[in-house]
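Heads up: the structure comes next, in structure tokens.
2 protein chains.
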Amino acid sequence: MCATIAGMPAAAIRARARAEMINEIKTIARRHLAAEGANLSLRAVAREMGMVSSAIYRYFPSRDELLTALIVDGYHALGDAAEAADTEVADRADLRGRWLAVCQAIRRWALSNPAEYALLFGSPVPGYAAPQETTAAAARTPAVLIGILADGLATGALARPDPGELPGPVRSDLATVRDRLFPGLPEALLARGATAWIHCFGAVSFELFGQLNGVIEAREEYFDHQTRQMADLIGLPDAG
Amino acid sequence: MCATIAGMPAAAIRARARAEMINEIKTIARRHLAAEGANLSLRAVAREMGMVSSAIYRYFPSRDELLTALIVDGYHALGDAAEAADTEVADRADLRGRWLAVCQAIRRWALSNPAEYALLFGSPVPGYAAPQETTAAAARTPAVLIGILADGLATGALARPDPGELPGPVRSDLATVRDRLFPGLPEALLARGATAWIHCFGAVSFELFGQLNGVIEAREEYFDHQTRQMADLIGLPDAG
DNA sequence: CACATTCGAGAGCACTGCTCTTGACGACGG
DNA sequence: CCGTCGTCAAGAGCAGTGCTCTCGAATGTG
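Order-wise, the sequence lines are chains A and B. If you're matching positions, the first sequence starts at 1 in this note's numbering and goes up one per residue. If you're matching positions, the second sequence starts at 241 in this note's numbering and goes up one per residue.
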């Protein structure tokens, strides 16, 4: 008789069921993504759920919307992994150790979720333009890395680099980013961090996309070595 | 009457027509690739040629074989661009200038051929494994970059870096590559060059795959700045 | 009881890669 | 000259895709 559960109005319980449906769709879609790459099939997802393909459209208006949801989830999962790796380093003054830990976490997450990583950082899906809502989630991971540099600057472990090394337009672009996310950080330091972050992305992609095949076998050691080289470039001091 | 052209046997003229067919298919496929990304449609190519889709299979046994042909062509086109950029630098002793020129050429080629670049360096096509024949073509571009370092070593402009900085397994992996392509080059120098090459790939991919959108507007200056940072890491001296 | 909303089912459209069969054409050997 | 053979394009067909539309069955609300 009562149209509610524990006093919830009917609308709310329906919304709950709907949310669970959406979650199940995303979970299955993620598994399919992992199994056979970016060409995600709505029909296959529907089949696995025992539904008819058209029913999926009750929950996601299009395949692109489902992809967007998976992308946002992916950015957050990577951001979580990066943040966890950073906070797990007990010695907060060990900037180099924290940097290395975060980069390793990024690589590990990518190796564990190759299809999702490819969705986030690989070739864009043709005809799909990432909506604005993804950028906030995307910024989390680089924010962890730059946060390490900001910490180093605050404690005096990192020197303020010479700003003269930056071309004008680049400096103003970076200043905009800095003002939005890391107030007070010198542009030149942000630039070095960004270069190292881009290298980290490149190294992970290079390995994951098969460019290292038949060339480098000691993948993890090689990645760590490169990361240390980039830590040198940033000027991160050795542990101690 | 005569069944030949300029004395060519019939088999040869048939082979010629066949080669032209193959070239036309590849040209159209490349244009389609550029227009709408990696999901290349054989039927659309056939339609544009005024043929029926099944006829394409006379020339390429599968879509994957066509992709492989395009990939190999792409690696060679990029390799050509890199080599041309290097040889165009008149002052052969200007290692930094040559490095910058090659990296810029790589970026320019990628921006001019985004779909082909994505095919070469982006997320691997699901269910498609790049055959061995692609690796030789793929090696050409990094070979140009490392060649600059080899030149610098030969002229004494570059110092032999301390080999102790390399972990053992990485060193032996790199030694294998060195022995195959750059005999005599110290592993540590090869390692620095590889890191810079991977960063170059990362920076181009980052820009091309949209990760810079809304963040950096001065794309070219930013790329050049990063490239100079990596040149510093390698130890390339300033021009002069 | 009547109404509106929500949802799944099914048919259908236009598209894909790929296979198989059929028929046309030209070059060769007997 | 006729038959054979290889090459090629065409067409039908299979199984799959994203997506739209309509319909019927619930379910909760007035």
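Backbone N, C-alpha and C define an ideal beta-carbon position, used for all residues, glycine too. Since this is a predicted model, take the numbers as computed values, not measurements.
### Task
Taking C-beta pairs closer than 9 Å, name the residues in chain A that GLN344 (chain B) reaches, listed in chain order.
Around GLN344 (chain B), no beta-carbon contact reaches into chain A at under 9 Å, the shortest distance being about 14 Å.
#### Entry: GLN226 (chain A) vs ILE438 (chain B) beta-carbon contact at 8 Å
yes
### Query
Buried or exposed: ALA267 (chain B), going by 16 or more other Cβ atoms within 10 Å of its Cβ?
In the sequence as presented, Ala is not what sits at residue 267 (chain B); that position holds Thr. By the neighbour-count rule (16 or more Cβ atoms within 10 Å), THR267 (chain B) is not buried but exposed.
### Message
Suppose the cutoff is 6 Å on Cβ atoms and the five residues either side in sequence are ignored; what does the same chain contact list for VAL144 (chain A) look like?
### Response
Counting only Cβ-Cβ distances below 6 Å, and skipping sequence neighbours, we find ALA82, GLU83, ASP86, VAL102.
### Query
Which residues in chain B sit within 8 Å of PHE201 (chain A), going by Cβ to Cβ distance?
GLY442, SER445, PHE446, GLN451
### Query
Quick one: which chain A residues come within Cβ less than 8 Å of ASP413 (chain B)?
Result: VAL215, ILE216, GLU217, ALA218, TYR222.
### Query
Just how far apart, CA to CA, sit PRO124 (chain A) and PHE449 (chain B)?
Linking PRO124 (chain A) to PHE449 (chain B) through their CA atoms gives a straight-line distance of about 6 Å.
### Message
List, in chain order, every chain B residue whose beta-carbon is nearer than 9 Å to that of PHE121 (chain A).
### Response
SER363, SER445, PHE446, PHE449, GLN451
### Query
Would you say HIS225 (chain A) reaches chain B, if we count a Cβ-Cβ gap shorter than 8 Å as a contact?
yes
### Task
Please decide whether ASN39 (chain A) counts as near chain B, where near means a Cβ-Cβ distance under 8 Å.
Judged by the 8 Å Cβ criterion, ASN39 (chain A) is in contact with chain B.
### Query
GLN451 (chain B) to THR135 (chain A), Cα distance in whole Å?
It is roughly 9 Å from the alpha-carbon of GLN451 (chain B) to the alpha-carbon of THR135 (chain A).
### Task
Answer with buried or exposed for THR155 (chain A), where buried requires no fewer than 16 other C-beta atoms within 10 angstroms of its C-beta.
With fewer than 16 other Cβ atoms inside 10 Å of its own Cβ, THR155 (chain A) counts as exposed.
### Query
If you scan the stretch 262–342 of chain B from start to end, which runs of the alpha helix (DSSP H) of 4 or more residues do you find wholly inside it?
Within the stretch 262–342 of chain B, the complete alpha helix (DSSP H) runs of at least 4 residues are 282–288, 293–296, 303–327.
### Query
Whose C-beta lies closer than 7 Å to the C-beta of MET21 (chain A) among residues of the same chain, with five residues either side of it excluded?
Its chain contains TYR59 as the residues whose beta carbon lies nearer than 7 Å to that of MET21 (chain A), once the 5 sequence neighbours on both sides are disregarded; these appear in chain order.
### Query
When DSSP labels each residue in this structure, what does GLN372 (chain B) get in the three-state scheme?
coil
### Task
Within the same chain, show all residues whose beta-carbon is closer than 6 Å to that of GLU461 (chain B), passing over the 5 residues directly before and after it, in chain order.
Within the same chain, no Cβ atom closer than 6 Å to the Cβ of GLU461 (chain B) is found once the five residues on either side in sequence are excluded.
### Message
Contact criterion: CB-CB distance below 8 Å. Does THR308 (chain B) meet it with respect to chain A?
### Response
no
#### Entry: Distance, SER352 (chain B) Cα to PRO301 (chain B) Cα
In a straight line, the C-alpha of PRO301 (chain B) is about 29 Å away from that of SER352 (chain B).
### Query
Using a Cβ cut-off of 7 Å, which residues of the stretch 20–37 of chain A contact any Cβ in chain B, in chain order?
Going along the stretch 20–37 of chain A in chain order, one finds GLU36, GLY37 with a Cβ nearer than 7 Å to chain B.
### Message
Check this for me: beta carbons of LEU95 (chain A) and GLY152 (chain A), under 8 Å apart or not?
### Response
When the beta-carbon positions are compared, LEU95 (chain A) and GLY152 (chain A) come within less than 8 Å of each other.
### Query
Would DSSP call GLY408 (chain B) helix, strand or coil?
helix
### Query
Taking Cβ positions, are ALA29 (chain A) and LEU70 (chain A) nearer each other than 8 Å?
yes
### Query
Under the three-state reduction of DSSP, which class applies to PHE182 (chain A): helix, strand or coil?
The answer is coil: DSSP assigns PHE182 (chain A) none of H, G, I, E or B.
#### Entry: Endpoints, alpha helix (DSSP H) assigned at SER363 (chain B)
Careful: SER363 (chain B) lies outside any alpha helix (DSSP H) and carries neither H nor E.
### Task
Drop a sphere of 10 angstroms on the beta-carbon of GLN229 (chain A), count the other beta-carbons inside from all chains shown, and report buried for 16 or more, exposed for fewer.
buried
#### Entry: Other residues of its chain near LEU389 (chain B): CB distance less than 6 Å, five sequence neighbours each side excluded
LEU429, GLY433
### Task
Look at ARG140 (chain A) and VAL204 (chain A) and say whether their C-beta atoms are less than 8 Å apart.
Not in contact: ARG140 (chain A) and VAL204 (chain A) (Cβ atoms no closer than 8 Å).
### Query
If you check the beta carbons only, do LEU67 (chain A) and ASP224 (chain A) fall under 8 Å apart?
no
### Query
Is PRO477 (chain B) helix, strand or coil by DSSP?
coil
### Message
Using the Cβ count rule (16 or more neighbours within 10 Å means buried), how would you classify ALA214 (chain A)?
### Response
As written in the sequence, residue 214 (chain A) is Gly, which differs from the Ala given in the question. GLY214 (chain A) comes out exposed.
### Task
Answer yes or no: does any C-beta atom of chain A fall closer than 8 Å to that of ILE253 (chain B)?
ILE253 (chain B) does not count as touching chain A.
### Message
What does the alpha-carbon distance come out to for the pair GLU427 (chain B) and VAL72 (chain A)?
### Response
41 Å
### Query
Cβ atoms of GLY202 (chain A) and GLY442 (chain B): under 8 Å apart, would you say?
Result yes, Cβ atoms of GLY442 (chain B) and GLY202 (chain A) sit closer than 8 Å.
#### Entry: Assigned secondary structure, GLU187 (chain A) (DSSP; H/G/I helix, E/B strand, else coil)
helix
#### Entry: When A:ARG63, A:ASP162, A:ARG178 are compared against ASN39 (chain A), the one with the closest alpha-carbon
Comparing C-alpha distances from ASN39 (chain A) to each of A:ARG63, A:ASP162, A:ARG178 shows the shortest one belongs to A:ARG63.
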